[in-house]
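Everything in the sequence shown is counted per the numbering used here, starting at 141 for the first residue and increasing by one.
Virtual Cβ for every residue (Gly too), placed ideally from N, Cα, C.
Here the structure is a predicted model, which means the values were calculated and not measured.
Some notes on the structure that comes next.
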Amino acid sequence: MNFADSEVVGAILTAAGHTVVTTVEEATFLLINTCAIRDNAEQRVRHRVRELRAIQNRHRELRIGILGCMAERLQSRLMAEEDNLSLVCGPDAYRRLPELIEQVRNGQQAAETELSTTETYADIEPVRLGSNGISAYISIMRGCQNYCSYCVVPYTRGRERSRDPQTIVAEARSLFDRGYREVTLLGQNVNSYEWRVENGEWRTESGERRVENGERRVGFPELMDMVASIDPQLRVRFATSHPKDLSDKLLEVMAAHQNICRCIHLPVQSGSNRMLKAMNRKYTVEWYLDRVDAIRRFMPDCSITTDVIAGFCGETLDDHQATLDLFHKVRYDYAFMFKYSEREGTYASRHMPDDILDAEKTRRLNEIIALQGQIALENNQKEIGREYEVLVEGVSHRSDKQLFGRNSQNKVIVFDRGDAQPGTYRRVRVDSCTAATLLGTLV
Ligand code: 5AD
Ligand code: SF4
C-alpha cells in the first residue's frame, strides 16, 4: 500500500517539476513514507530520521518530510519531537505536497493531515519507482472502516472509498501495453470495493457525469472480471481480503479466469472465537474454515496465506492453542506473524489491558513461527515433481546463472537461466525446495 502511495507522490511531484533521485546525496528533499501499524515500524522511522541528522550537518540544504500513517497519527507533534523534520503530510493530502515543499523552501515548517472522504488519486498515473517493469501495484480503494479493535488504520487512513473502475482498467491496460505482465490490486479490504453508477451514468471522481451503458454497480468480482479480461497474458493478483466478505461470487470469477492468480491472502488474526470477538473481526473460526473450504472447492490448487497476531489482550493459553490448531487445519503456504502492539487511540488501547508480558508474546509468536515453518516446508515438498507456468522476474540473488519467478500461487521458483528472459512465461519443473523457495528446471 505504501509503495503504491509513494508512486502517486512521485507522480504529483514530477508533474510539479521536481525530479525523483535515487541517492540522499543528490536530494534536496527526503520524503519518508511511513506505516503506523505497529510500534516497531514507527521506532525504525524515528531511528532513521535521527541518523539523517549527520547527513544534514554535511548537506545543509537537505530537508526531511514524513508522509503517510505516522504523519497522520502524530501530526505536528512529530516535528516538535524530531527537530530536524520540516514537513508532515497525511495520506489524503499528497496533492498539496508541491505547495508544502514550497512553504518549507521559504523557511517555514509545513503540516497537512486533513483526511478526505473522496480522495482516491484516481486520475494520477503513478511513477513506477524502482519497478522491475514486470509487476506493478494498483490502488483500487483507500481507507478502512472495519475498526478491528487493535488496529490504527481506520484512524490514519480514514473512511473507505473506492476508485472509479474505468481508471483502474485504464491503468492496468496501460501497464500491459508497456510490457508489464502482472498487476496487484490493492485495498485494506478489497471485497468491499464498490462503485455505484446512477441512472446509467458514471459518476467520476471529480463529480462529473458521463453517460455509459453498463452495470449499475461494480463490486470487486465485477472489477476483477474487467481487469482479468484485458489480456490472458496479464496476471492479476489482489490483497487484502477480509474473511467476513469473501464471497462465492468472487471465487467463481477467479475460477473462470486462468490469469487471476491462485493465491488468496486471508488474514485470520486468531484461531479463537473469544479473541476474534474481542478483536471485532465479525466472523467465527467456523465461518473462516467454511471460506477456506469454499476456496479449495472452487480452486483446489489455490494457495492461502494469512496474518496472525500473538498475545492480544486477554489471550489465554487455550486461545493460543486454538490458533495453533487452526494453523494445523488450514496449512497456510505463508503467514505474516506479529506480536500484538498496542496502538494509541484504538478501541483496545482504551478498553482492554495489554496484559500479556512481552516475553510471553514472543514465546507464543515463536511457537507459531516454528509450526508455520514446518507446514510451509511440507507444503513445498509436495510440489516436487510438479510443473508450473512461471512469470520470470529477474536474476536470483544467489547466483547470476539463475533466474527467479513466481507461479500463479505466488511461490518463488529459482532455476538455471538457460534461454529464459525476464518478463516472459516459462514452464518450470520443481526439483527440490526449502520452506521459502522452490528450486526447479526449465522444461
Ligand atoms: N499489533 C500487531 N499486529 C497488528 N496488525 C494490525 N494491527 C496490529 C497491532 N496493533 C497486523 C494484522 C494485520 C496486519 C497488516 O498487521 O495482522 O492484518
Ligand atoms: Fe485494520 Fe481491520 Fe481495517 Fe485490516 S480490516 S486495516 S486489520 S481495521
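- K479 places its beta carbon less than 9 Å from that of D498.
- In terms of Cα proximity to D388, the closest of F452, A434, G359, N420 is A434.
- Shortest Cα-Cα distance from G157 to any of L237, I280, S489, G525 involves L237.
- For C284, the distance from the CB to the nearest heavy atom of the ligand SF4 is below 8 Å.
- Closer than 8 Å to some heavy atom of the ligand 5AD: that describes the Cβ of Y290.
- Put simply, the backbone Cα of A368 is about 31 Å away from that of A233.
- Between the C-alpha atoms of G513 and A576 there is a straight-line separation of about 8 Å.
- DSSP links A379 through a beta bridge to L326.
- In this structure, the straight-line span from the alpha carbon of V470 to that of T154 is close to 46 Å.
- Counted as a single uninterrupted DSSP element, the beta strand (DSSP E) harbouring R566 occupies residues 565 to 573.
- Beta-bridge annotation (DSSP): L582 is paired with V568.
- The beta carbons of L582 and V570 sit no closer together than 9 Å.
- Y565 is not a Cβ neighbour of I515, given a cutoff of 9 Å.
- Residue pairing by DSSP places V552 opposite R546 in a beta bridge.
- Ranking S332, L269, T380, E300 by CA distance to the CA of T324 puts T380 first.
- The shortest CA-to-CA distance from E484 to any of P493, F476, M477 is the one to P493.
- Secondary structure of Q409 (DSSP, three-state): strand.
- Leaving aside the five residues that flank M419 on each side, the residues in its chain whose CB is nearer than 7 Å to its CB run, in chain order, C288, S289, Y290, Q409, S410, F452.
- Non-local beta-carbon contacts of R203 in its own chain, meaning distances under 6 Å to residues more than five positions away in sequence, involve F169, S226, V244 in chain order.
- With a threshold of 8 Å, the Cβ atom of V448 does not count as near the ligand SF4, since no heavy atom of the ligand is closer than that.
- As summarised for the segment 402 to 489, the continuous beta strand (DSSP E) elements at least 3 residues long and confined to that stretch are 403 to 405, 443 to 450, 474 to 479, given in chain order.
- In the displayed model, C175 falls within coil according to three-state DSSP, outside both helix and strand.
- Per DSSP, the beta bridge partners of Y277 are T324.
- Of E362, S412, I370, K417, the smallest CA-CA separation from L391 is found for E362.
- Listed as beta-bridge partners of S146 by DSSP are no residues whatsoever.
- If you check the C-beta of I177 against the ligand 5AD, you find a heavy atom less than 8 Å away.
- The residue among V448, E500, E334 with its C-alpha nearest the C-alpha of A475 is V448.
- In this chain, V535 is not harboured by any alpha helix (DSSP H); it is covered by the beta strand (DSSP E) spanning 527 to 535.
- The continuous alpha helix (DSSP H) containing A510 extends over residues 498 to 521.
- Distances between the C-beta of T162 and the heavy atoms of the ligand SF4 are all 8 Å or more.
- Taking all protein chains in view, the Cβ of K541 is surrounded by fewer than 16 other Cβ atoms within 10 Å, so the residue is classified as exposed.
- Restricting attention to S539, I274, V330, A310, the CA atom closest to the CA of E300 is found in V330.
- Membership of V358 in any alpha helix (DSSP H) is not indicated; the residue belongs instead to the beta strand (DSSP E) covering 357 to 359.
- By the neighbour-count definition (other C-beta atoms within 10 Å, threshold 16), T463 is a buried residue.
- Per DSSP, reduced to three states, the secondary structure at E252 is strand.
- Counting only the Cα atoms, M366 lies some 14 Å from Q373.
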